[in-house]
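Here our numbering is used: position 206 in the sequence shown is 221, and no number is missing along the way.
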Amino acid sequence: MFALSETERLVQRTARDFAARVIAPKAAEIDASEAFPSHILRGLADLGLMAINVPTELGGAGAGVMAYALAIQEIARACASTAVMTSVTNMVSETIARFGTHTQKGLHCPKLASGEHVLGSFALSEPDSGSDPGAMRTTARRDGAQWVIDGAKQWITGATYAGVLLVWARTAPAETGSRGLSCFLVEKGTRGLRVGPPEDKMGIRASNTVPLELDACRVPADALLGDEGGGFKIAMEALDGGRIGISAQAIGIARSALAESIAYSKDRHAFGGAIASQQAIQWKLADMQAHIDAAELLAMRAARLKERGGRYTREAAMAKLFASESAVRICNDAVQIHGGYGYMRDLPAERHLRDARVTTIYEGTSEIQRLVIARGVLE
Ligand SMILES: Cc1cc2nc3c(=O)[nH]c(=O)nc-3n(C[C@H](O)[C@H](O)[C@H](O)COP(=O)(O)OP(=O)(O)OC[C@H]3O[C@@H](n4cnc5c(N)ncnc54)[C@H](O)[C@@H]3O)c2cc1C
């Protein structure tokens, strides 16, 4: 089930090489300066890594879900900020490829793949609704040949630089809850779309995260993605796939934390020997490795199930829950192993901990993953 194809290995090698050569040397600097890594994202697009699981006829790499997960993991080992923007852009492109009309796909997928759209954004969360999209307040009403969108979105990854945004809005009265949501393609620069200032975050500081205002934002009738009222289904399907990406991001961050902990513990001496000779440190390292491997197996299972076209909602939630919670613990242990130096900005351990923390929150919190898993268990 987990043997890798030649294509998957090629994508993995390509991402690993680019991450080591180009991304890793810049990661600490862009974390500190919060500089948007445009040249890195351009490089990733040039390598076909912005639309990995998008058909080649739409400009994508057509390399599959496993290849996507492997690439995100490699990128996250170097820089978690770059990884999440890459992951979300892949998710947006895949969603358009899956639900879009011939024209919508032809218009946006090649641009997302090539980097002409620097990023794609996924605008579901609002100031008053994150876990519960059914409580969304943004509305879209039909006015002749147009839809008019009004409302606000919160914490939208990459939206300052996005060429196209998937924007969810209510097209039926509030009582309809999640059944009254629709999804729209909103292009950069559309009148009435206002992108707010970047948030000041704990981690993934080079990833662009902004609020949006939609003030009588008019889009053409054919900007509706999928069916009117079908927005919730689109969001949930996209998030199932996205969660494989966030699992991969968490695993990548944790892998770096472990590698640095191994090297440091061999090098650092206390009480007449390397701290790696202390059983307390060895047990931490052993737990870190076991959790990383288990998380990777869960993520790979979800990826293969998705590729086979079956249901994988529960498996993706399990991978995301386990990988993200493990990554937070692993990165916390990595700081502990590095002692006082681990708390300093000079070493990457503290950045990994700050970066890992968000993986238990976005694309569904750990609590929401548990709800999804429990629903499956009790089915
Ligand atoms: C850096 C960053 C980037 C993001 N990027 C995007 C993006 O690109 N697009 C986008 O749409 N959103 C994005 N988000 C938003 C993110 O998906 C939400 O923050 C997340 O879904 C949680 O929603 P919330 O913050 O409103 O928390 P709430 O839903 O208010 O939840 C608060 C707490 O209550 C818990 N809770 C809620 N409901 C239940 C329940 N039924 N049972 C048990 N516990 C519950 C939650 O788990 C959480 O612990 C981003 C967030 C961050 C921090």
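Here a beta-carbon is modelled for each residue, glycine too, at the ideal position from N, C-alpha and C.
The model shown is predicted, which means the values in this text are computed figures rather than measured ones.
Return yes when at least one heavy atom of ligand 1 lies under 7 Å from the C-beta of residue i, else no.
{"i": "Trp4", "result": "Residue 4 cannot be examined here, being either before or after the span of the chain that is shown, 16 to 394."}
{"i": "Glu340", "result": "no"}
{"i": "Ala138", "result": "yes"}
{"i": "Gly379", "result": "yes"}
{"i": "Ser96", "result": "no"}
{"i": "Ile259", "result": "no"}
{"i": "Leu386", "result": "yes"}
{"i": "Pro146", "result": "According to the sequence as given, residue 146 is Ser; it is not Pro. Yes, Cβ of Ser146 sits closer than 7 Å to a heavy atom of ligand 1."}
{"i": "Val210", "result": "no"}
{"i": "Val103", "result": "yes"}
{"i": "Thr224", "result": "yes"}
{"i": "Val373", "result": "yes"}
{"i": "Glu382", "result": "yes"}
{"i": "Lys216", "result": "yes"}
{"i": "Ile90", "result": "no"}
Taking the C-alpha atoms as reference points, what is the distance between residue i and residue j?
{"i": "Asp370", "j": "Gly241", "result": "34 Å"}
{"i": "Ala236", "j": "Arg185", "result": "15 Å"}
{"i": "Glu252", "j": "Gly354", "result": "42 Å"}
{"i": "Arg233", "j": "Leu362", "result": "48 Å"}
{"i": "Leu110", "j": "Gln294", "result": "One point to set straight first is that residue 110 is Thr, not Leu, in the sequence displayed. Computed Cα separation, rounded: 48 Å."}
{"i": "Ala334", "j": "Arg326", "result": "14 Å"}
{"i": "Pro365", "j": "Ala272", "result": "The sequence given here has Glu at residue 365, not Pro. If you take the alpha carbons of Glu365 and Ala272, they lie about 9 Å apart."}
{"i": "Thr191", "j": "Pro148", "result": "12 Å"}
{"i": "Arg209", "j": "Leu229", "result": "6 Å"}
If you run the structure through DSSP and keep just helix, strand and coil, what is residue i?
{"i": "Ala150", "result": "helix"}
{"i": "Phe247", "result": "helix"}
{"i": "Ile376", "result": "coil"}
{"i": "Leu64", "result": "coil"}
{"i": "Asp361", "result": "coil"}
{"i": "Gly218", "result": "coil"}
{"i": "Gln27", "result": "helix"}
{"i": "Ser20", "result": "coil"}
{"i": "His284", "result": "strand"}
As a quick exercise: from the options, pick the residue whose alpha carbon is nearest that of residue i.
{"i": "Glu205", "options": "Met217, Leu227 and Lys216", "result": "What sits at residue 205 in the sequence shown is Thr, not Glu. Ranking Met217, Leu227 and Lys216 by Cα distance to Thr205 puts Leu227 first."}
{"i": "Gly63", "options": "Lys126, Pro52 and Gln119", "result": "Lys126"}
{"i": "Glu49", "options": "Gly391, Ile259 and Asn223", "result": "Asn223"}
{"i": "Glu275", "options": "Phe286, Ala285 and Ala291", "result": "Ala291"}
{"i": "Met303", "options": "Leu85, Asn347 and Thr374", "result": "Asn347"}
{"i": "Leu254", "options": "Leu122, Pro142 and Ser146", "result": "Ser146"}
{"i": "Val373", "options": "Ala66, Met359, Ser341 and Pro188", "result": "Ser341"}
{"i": "Leu239", "options": "Cys198, Ala35, Gln264 and Ala187", "result": "Cys198"}
Using DSSP's beta-bridge definition, name the partner residues of residue i.
{"i": "Lys168", "result": "Leu227"}
{"i": "Ser144", "result": "Glu141"}
{"i": "Trp183", "result": "Cys198"}
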